[in-house]
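The listed protein sequences correspond, in order, to chains F and V.
Count along the first sequence starting at 1, add 107, and that's the number in this note's numbering.
Count along the second sequence starting at 1, add 3, and that's the number in this note's numbering.
Just so you know, even glycine gets a beta-carbon here, dropped at the ideal spot from N, CA and C.
All of these numbers come straight from a predicted model, not from anything done at the bench.
Contents: one structure, followed by commentary.
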Amino acid sequence: MRHWPRAVLAAALASFLALASAADAAQPPPGASSCSGCHGTVPNGTPIPVLRGRPAHDIAGLMREFRSGARPATVMGSIAKGFNDRDIDAISQWVVGQGQ
Amino acid sequence: MRKHLSARRRTLLKLTAAAALAPTVVRAQGAAKVVVVGGGFGGAVCARTLKTMAPAIGVTLVEPNKTYTACPFSNEVIAGLRELKQQEFSYEAIARNGVTVAATTATAVDSAAKIVTLGDGSKLSYDRLVIAPGIDLDWKALPGYDEAAAEKMPHAWKAGPQTALLRRQLEAMEDGGVVVISVPAAPYRCPPAPYERASQIAWYLKAKKPRSKVLLLDAKDSFSQQRLFQAAWTKLYPGMIEWVPLSQGGNVTSVDPATRTFNTDFDKHKADVANVVPPQKAAAIAQTAGVADRTGWCPVSSIAFESELQPSIHVLGDAALMGAMPKAAFSANAQGKACAAAIVDLLAGRTPAEPRLVSACYNLAAPDYGFSIVGVYRPEKGQFLEVPGAGGTSPIDGDSALRAQEARYAEAGFRVLTAETFG
Ligand SMILES: Cc1cc2nc3c(=O)[nH]c(=O)nc-3n(C[C@H](O)[C@H](O)[C@H](O)COP(=O)(O)OP(=O)(O)OC[C@H]3O[C@@H](n4cnc5c(N)ncnc54)[C@H](O)[C@@H]3O)c2cc1C
């Protein structure tokens with residue numbers, strides 16, 4: 108029986124890591140999971156554009172324009188002002204790959 | 004991986020692991036169980052997100068109704084602009100995602116043993132419990148107003164038969180009638196919704212019964228997006244909507260359903276159609292589970308929405324005290340997703356990151372006249388507070404093209420939000 112604990116430990120650790128890394132892959136940066144409340148992830152004919160699948164750096168650029176007011180908006184100006192550059196880059200990365 | 008192990012080895016593995024390792028590891032072996040009570044905007048999206056993020060977690064959604072009837076856009080149903088059917092969503096897609104849907108009520112929670120009892124007597128054990136049951140109307144708070152009274156003076160604050168009843172009463176009203184809406188003190192579900200409702204009713208009356216009036220009796224002296232609403236009323240419905248604030252005797256102290264009368268501090272108002280928005284509290288299961296405090300609402304931590312009163316229980320949506328975040332479907336949805344992420348972290352033994360949440364609320368003063376309020380929230384001194392400099396409302400001087408555009412965005416937002424929540 109002496110070999111059990113080690114095998115057990117390895118097995119448990121392996122599935123622990125599997126879960127942890129699966130979770131990491133899907134773990135959104137703070138703020139990012141709110142975006143999909145308005146932006147669908149598949150084209151559905153609504154006037155709010157889909158972000159998924161677009162270049163992250165385009166999204167980040169648009170967010171900065173919303174934040175500075177350079178780009179007129181109904182709600183995005185007020186939303187973008189809640190995030191700094193680092194947030195914006197992380198969120199943009201995440202939303203373009205969302206649901207994959 | 005466990006597929007390759009014999010049953011005996013599996014049992015041994017479990018037992019030995021339980022003895023040798025921290026319990027988080029045992030749970031992380033795919034046996035972790037999360038029960039979500041309440042399949043509304045908060046609970047349903049939390050269950051779905053959990054399953055998507057970490058398929059190994061066993062997720063059960065407990066919800067007695069086969070279809071969910073959404074409140075956002077139910078004011079448009081009252082005005083005859085939509086049908087109640089368009090407010091209905093099923094749990095089938097959520098079940099297809101791998102969430103076990105238990106179509107019954109949760110009746111009790113044993114937080115020490117981590118067990119939820121269901122309406123059919125069966126019991127579910129959990130590692131983490133999410134309670135997202137929405138509100139109950141407080142039938143004891145307003146003298147004269149109880150469940151029988153609501154058949155005469157509908158609340159229509161839970162969408163469904165009450166929404167249809169209020170619409171029928173409006174349709175049956177003679178031209179020249181007075182519609183009275185009473186509004187409670189905060190907090191209550193969806194702060195701007197009584198004023199959106201007054202607008203929608205005025206829209207119907209202007210078209211069908213133009214000599215009629217809407218009277219709002221308010222227990223507050225100001226309200227969400229007040230200037231936007233009042234500008235809309237002046238423009239769209241001049242002279243039709245009267246708002247009586249607290250300081251001018253707006254506080255309703257009792258009602259008489261037999262005569263459809265609202266009694267205020269100084270006055271009596273007899274209505275032709277009477278809509279009572281009653282005082283509210285977290286739904287019964289929150290009280291039973293011991294997660295609600297003396298205010299009737301549930302205090303939670305702002306990192307993972309964990310109850311401050313009971314361990315391993317998270318509370319979301321309208322039932323919880325969320326600092327500055329309004330009780331809204333959009334808030335509940337954002338909280339549901341962030342809570343799912345936090346639970347995945349906690350089950351894996353990690354500390355959840357500080358969430359940042361966006362809430363938005365659209366109002367339609369007419370089918371082509373929309374405006375909005377948004378806020379970005381983060382934990383600050385244990386509460387959700389607005390990020391300074393962010394958030395805001397539509398401009399007060401917006402032109403009709405902007406209002407029409409926001410009306411379209413409102414509709415789009417509802418479609419996306421319900422698709423994300425219910426599939
Ligand atoms: C007229 C009106 C208009 C509104 N308009 C908007 C809007 O435009 N935008 C917006 O964002 N919000 C709006 N809201 C607010 C929105 O409806 C709520 O904030 C939202 O529904 C809260 O979600 P929730 O998940 O906390 O609760 P709910 O959506 O109420 O869901 C709770 C669920 O829990 C279930 N439940 C309760 N007890 C138990 C139990 N013991 N066991 C199992 N299940 C249980 C219930 O059956 C229910 O399905 C409006 C509300 C009203 C009244």
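Just to confirm before moving on: does the CB-CB distance between residue i and residue j stay below 7 Å?
{"i": "residue 413/V", "j": "residue 365/V", "result": "yes"}
{"i": "residue 204/V", "j": "residue 183/V", "result": "no"}
{"i": "residue 221/V", "j": "residue 248/V", "result": "yes"}
{"i": "residue 369/V", "j": "residue 206/V", "result": "yes"}
{"i": "residue 198/V", "j": "residue 232/V", "result": "yes"}
{"i": "residue 75/V", "j": "residue 332/V", "result": "yes"}
{"i": "residue 224/V", "j": "residue 185/V", "result": "no"}
{"i": "residue 54/V", "j": "residue 65/V", "result": "no"}
{"i": "residue 190/F", "j": "residue 180/F", "result": "no"}
{"i": "residue 358/V", "j": "residue 154/F", "result": "no"}
{"i": "residue 297/V", "j": "residue 277/V", "result": "no"}
Against chain V, with Cβ distances strictly below 7 Å, would residue i count as a contact?
{"i": "residue 179/F", "result": "no"}
{"i": "residue 128/F", "result": "Reliability of the predicted coordinates at residue 128/F is poor, the pLDDT of 43 falling under 50, and no value is obtained from them."}
{"i": "residue 199/F", "result": "no"}
{"i": "residue 166/F", "result": "no"}
{"i": "residue 154/F", "result": "yes"}
{"i": "residue 204/F", "result": "no"}
{"i": "residue 137/F", "result": "yes"}
{"i": "residue 160/F", "result": "no"}
Counting only beta-carbon separations shorter than 7 Å, does residue i have a partner in chain F?
{"i": "residue 99/V", "result": "no"}
{"i": "residue 395/V", "result": "yes"}
{"i": "residue 143/V", "result": "no"}
{"i": "residue 297/V", "result": "no"}
{"i": "residue 333/V", "result": "yes"}
{"i": "residue 85/V", "result": "no"}
{"i": "residue 368/V", "result": "no"}
{"i": "residue 30/V", "result": "Here residue 30/V scores only 44 on pLDDT, less than 50, and its place in the model is too uncertain to base an answer on."}
{"i": "residue 359/V", "result": "yes"}
{"i": "residue 340/V", "result": "yes"}
{"i": "residue 467/V", "result": "Residue numbering for chain V in the displayed model covers 4 to 426; residue 467/V lies beyond these limits and cannot be assessed."}
{"i": "residue 406/V", "result": "no"}
{"i": "residue 373/V", "result": "no"}
{"i": "residue 137/V", "result": "no"}
{"i": "residue 163/V", "result": "no"}
{"i": "residue 392/V", "result": "yes"}
{"i": "residue 280/V", "result": "no"}
{"i": "residue 105/V", "result": "no"}
{"i": "residue 377/V", "result": "yes"}
Please report the distance separating the alpha-carbon of residue i from that of residue j.
{"i": "residue 44/V", "j": "residue 349/V", "result": "23 Å"}
{"i": "residue 230/V", "j": "residue 195/V", "result": "12 Å"}
{"i": "residue 151/F", "j": "residue 415/V", "result": "9 Å"}
{"i": "residue 30/V", "j": "residue 84/V", "result": "In this predicted model, residue 30/V has a pLDDT of only 44, less than 50, meaning its place in the structure is not dependable; the value taken from the coordinates is given anyway. Rounded to whole angstroms, residue 30/V to residue 84/V spans 49 Å at the Cα level."}
{"i": "residue 126/V", "j": "residue 387/V", "result": "34 Å"}
{"i": "residue 384/V", "j": "residue 256/V", "result": "36 Å"}
{"i": "residue 265/V", "j": "residue 258/V", "result": "5 Å"}
{"i": "residue 367/V", "j": "residue 330/V", "result": "18 Å"}
{"i": "residue 125/F", "j": "residue 197/F", "result": "With a pLDDT of 43 at residue 125/F, under the threshold of 50, the modelled position of this residue cannot be trusted, and the question is left open."}
{"i": "residue 405/V", "j": "residue 159/V", "result": "30 Å"}
{"i": "residue 47/V", "j": "residue 68/V", "result": "12 Å"}
{"i": "residue 431/V", "j": "residue 422/V", "result": "Chain V is shown from 4 up to 426; residue 431/V falls before or after that span and cannot be answered."}
{"i": "residue 253/V", "j": "residue 219/V", "result": "8 Å"}
{"i": "residue 169/V", "j": "residue 321/V", "result": "23 Å"}
{"i": "residue 107/V", "j": "residue 80/V", "result": "28 Å"}
{"i": "residue 341/V", "j": "residue 215/V", "result": "45 Å"}
{"i": "residue 159/F", "j": "residue 149/F", "result": "8 Å"}
{"i": "residue 163/V", "j": "residue 279/V", "result": "16 Å"}
{"i": "residue 311/V", "j": "residue 293/V", "result": "10 Å"}
{"i": "residue 129/V", "j": "residue 339/V", "result": "18 Å"}
{"i": "residue 212/V", "j": "residue 284/V", "result": "35 Å"}
From the DSSP secondary-structure annotation, give me the bridge partner or partners of residue i.
{"i": "residue 277/V", "result": "183/V"}
{"i": "residue 138/V", "result": "285/V"}
{"i": "residue 127/V", "result": "119/V"}
{"i": "residue 178/V", "result": "Answer is none; residue 178/V lacks a bridge partner."}
{"i": "residue 364/V", "result": "376/V"}
{"i": "residue 138/F", "result": "None; residue 138/F has no bridge partner."}
{"i": "residue 309/V", "result": "317/V"}
{"i": "residue 199/F", "result": "Beta-bridge pairing links residue 199/F to no other residue."}
{"i": "residue 145/F", "result": "Beta-bridge pairing links residue 145/F to no other residue."}
{"i": "residue 271/V", "result": "266/V"}
Any heavy atom of ligand 3 closer than 6 Å to the beta-carbon of residue i?
{"i": "residue 201/F", "result": "This structure does not include ligand 3; its bound ligands are ligand 1."}
Notebook entry, point to check: Listed in chain order, which residues of the region 171-195 of chain F have Cβ atoms closer than 7 Å to some Cβ of chain V?
Noted result: 181, 182, 185, 186, 188 and 189
Notebook entry, point to check: What are the residues of the region 286-318 of chain V that lie near chain F, defined by any Cβ-Cβ distance shorter than 7 Å?
Noted result: none
Item checked: Residues within the region 408-425 of chain V neighbouring chain F, beta-carbon criterion of under 7 Å -> 408, 409, 411, 412, 415, 416, 418, 419, 420, 422 and 423
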